[in-house]
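Each number in my numbering comes from the position in the sequence shown (counting from 1) with 152 added on.
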Amino acid sequence: MEIKNNPDIQKLGQVLNMSFRLISNRISSKFKSCGYDITPEQYTILTYLYEHGELQQNQISKLTTKDEPSVSRIINNMIKNDIVKKVQHPNDRRTNLICLTEKSKQMRQALHNEAFTLLEEALKDIPKSDIENLYDVLNRIINNLNRV
153 MEIKNNPDIQ
163 KLGQVLNMSF
173 RLISNRISSK
183 FKSCGYDITP
193 EQYTILTYLY
203 EHGELQQNQI
213 SKLTTKDEPS
223 VSRIINNMIK
233 NDIVKKVQHP
243 NDRRTNLICL
253 TEKSKQMRQA
263 LHNEAFTLLE
273 EALKDIPKSD
283 IENLYDVLNR
293 IINNLNRV
């Protein structure tokens, strides 16, 4: 398949970008309407912390595929808003761990519910087989780009 002259392939970036922006903007609005001042980027970090409990900043960077300065900026804003805190690593005094606060633990279920509701809206009327195919294709794209 000739990629350079294939209009369907050329539009892939536009469609992915538009989907991401719509979901990101909508989830941000949903969080704000519920009284949570959490950005989609912060929510992504929170989901990993909810799953793992505590992580080093460089681990968060790898998991989110964001550069370390960006992750540092996001985490500093989260610390200011009492969403996460830094604690010294028990085995390495030079390293900090990023941990959840009581505030972020208490908002976990509400944030999850809002995100889940949004994704249900986004996937409404799309057959399960199409969703599974999309998930498979997107994971292949991720794997291809991780190999580069």
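Positions of the beta carbon are idealized from the N, C-alpha and C atoms, including for glycine.
Starting from the C-beta of residue i, find all residues in its chain whose C-beta is less than 7 Å away, skip the five residues before and the five after it, and write them out in chain order.
i	result
L386	This structure cannot settle anything about residue 386, because the visible part of the chain is limited to 153 through 300.
L275	I283
Q162	none
N298	none
S176	P192
Please report the distance separating the alpha-carbon of residue i from that of residue j.
i	j	result
T269	S213	27 Å
M259	C251	14 Å
H204	I226	18 Å
Q194	E206	15 Å
T196	D160	30 Å
I294	T217	11 Å
N158	V167	15 Å
R292	M230	32 Å
Less than 6 Å between the CB of residue i and some heavy atom of the ligand MN, yes or no?
i	result
E220	Summarising the ligand content, the structure contains no ligands, and the ligand MN is consequently not present.
List the whole-angstrom C-beta distance separating residue i from residue j, where the pair is believed to meet the contact cut-off of C-beta under 8 Å.
i	j	result
C186	A267	That pair is no contact at about 11 Å.
N210	E220	6 Å
Using beta-carbon positions only, say whether residue i and residue j come within less than 7 Å of one another.
i	j	result
P192	S180	yes
T235	S256	For the record, residue 235 in the displayed sequence is Ile; it is not Thr. Cβ atoms of I235 and S256: closer than 7 Å.
T253	K232	no
Ordered along the chain, which non-local residues of its own chain (more than five positions away) have a Cβ less than 8 Å from that of residue i?
i	result
Q208	H241, T247, N248, L249, I250
To which residues of the same chain is residue i closer than 6 Å at the C-beta, ignoring the five residues directly before and after it?
i	result
I190	F183
Which runs of the beta strand (DSSP E) spanning at least 3 residues fall entirely within the stretch 246 to 297, listed in chain order? 248 to 252
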